Amino acid sequence: MARLNLLLLLLACALGLHAQQADRAIRQGNSAYKEGDLKDAVKAYSNAEKDERGMFNLGNALYRQDSVKQAQQSYENAASMAKGPDAQAKAYHNLGNSWMRQGKYQEAVNAYKEALKRTPGDDDTRYNLAYAQEKLARQQQQQKQDQNKDQQQKDQQKKDQQQQGDQQKQDQQKQNDRNKDQQQKDQQDQQKQDQAQQGQQDRIDPQDAKRMLDAAQQQEKDVQEKVRRLMQPKPTSPPAKDW
111 MARLNLLLLL
121 LACALGLHAQ
131 QADRAIRQGN
141 SAYKEGDLKD
151 AVKAYSNAEK
161 DERGMFNLGN
171 ALYRQDSVKQ
181 AQQSYENAAS
191 MAKGPDAQAK
201 AYHNLGNSWM
211 RQGKYQEAVN
221 AYKEALKRTP
231 GDDDTRYNLA
241 YAQEKLARQQ
251 QQQKQDQNKD
261 QQQKDQQKKD
271 QQQQGDQQKQ
281 DQQKQNDRNK
291 DQQQKDQQDQ
301 QKQDQAQQGQ
311 QDRIDPQDAK
321 RMLDAAQQQE
331 KDVQEKVRRL
341 MQPKPTSPPA
351 KDW
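Using our numbering, read the sequence shown as starting at 111 and increasing by one per residue.
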């Protein structure tokens, strides 16, 4: 029993010492924060980050330094560490502000709603919630318009590609027709050329024709001469001589 009491006493002393260190760090951070020395404030609050007050104030100092992402994480931790509804509501309220700074309006709406669940009468949070909802609606509308624009561009691109494909088919068909016509013309020209060459082969050369005519005439003369000789009377045989 004595040992248990001693352990409890030591634990209480340790907790008390930790609380004193956290209080001192928070006071140092608050002093630096008021003087605008945010760097020292962040350093001091970091020494008390196991305390919900130190975590919440650390978020505020980071937020004022424009370290919004880090501030958001600090507020999330402060909201989970906070024990009372008021402290939780403040953490969620500032968490909503950090989401707003990042343009994450849906997350901001959710955070403000969590704050109002704990402090329904907080007019500042209610105002911020309405503003966040308006920004969210505009964002969603813009996203919808962008999606419609993208879809229209895709449809137009598809239509252009279809028209281009049809035009290419038409051009190809025209080219095929031209090739076919040219092929037929080439065939006709070849036929004419072949016929012309055949005609040239059938036509007798003038010199050859003259030689053939001269030969025919000479042959006719020879025949006439032979006939004339055959038609001449043959001489009679001389009378036989008696011995």
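Glycine is no exception: its CB is placed at the ideal position from the N, C-alpha and C atoms. Just so we're clear, the structure is a prediction, and the values are computed from it rather than from any experiment.
- DSSP places D176 outside any alpha helix (DSSP H), giving it a letter other than H or E.
- Under the Cβ criterion (8 Å, minimum of three pairs), the segment 185-196 does not count as touching the segment 212-220.
- Membership of E217 in the alpha helix (DSSP H) is indicated by the continuous run 215-228.
- With fewer than 16 other CB atoms across the displayed protein chains lying within 10 angstroms of its CB, M341 is exposed.
- With the rule of 3 Cβ pairs closer than 8 Å, the segment 183-194 counts as touching the segment 165-174.
- In the assembly as shown, M210 is a buried residue. Its beta-carbon has 16 or more other beta-carbons within 10 Å.
- For Q257, same chain residues with a beta-carbon under 7 Å away, outside a window of 5 residues either side, do not exist.
- The segment 219-226 and the segment 237-244 touch, with three or more beta-carbon pairs separated by less than 8 Å.
- Per DSSP, reduced to three states, the secondary structure at G206 is helical.
- Bounds of the alpha helix (DSSP H) holding K153 are 148-156.
- Judged by their CB atoms, A158 and A132 are nearer to each other than the 8 Å cut-off.
- DSSP, reduced to helix, strand and coil, places K193 outside both helices and strands of the structure shown, so it counts as coil.
- Around the C-beta of L148, 16 or more other C-beta atoms lie within 10 Å, and the residue is accordingly described as buried.
- Approximately 4 Å separates the beta-carbon atoms of E162 and M191; this is inside 8 Å, confirming the contact.
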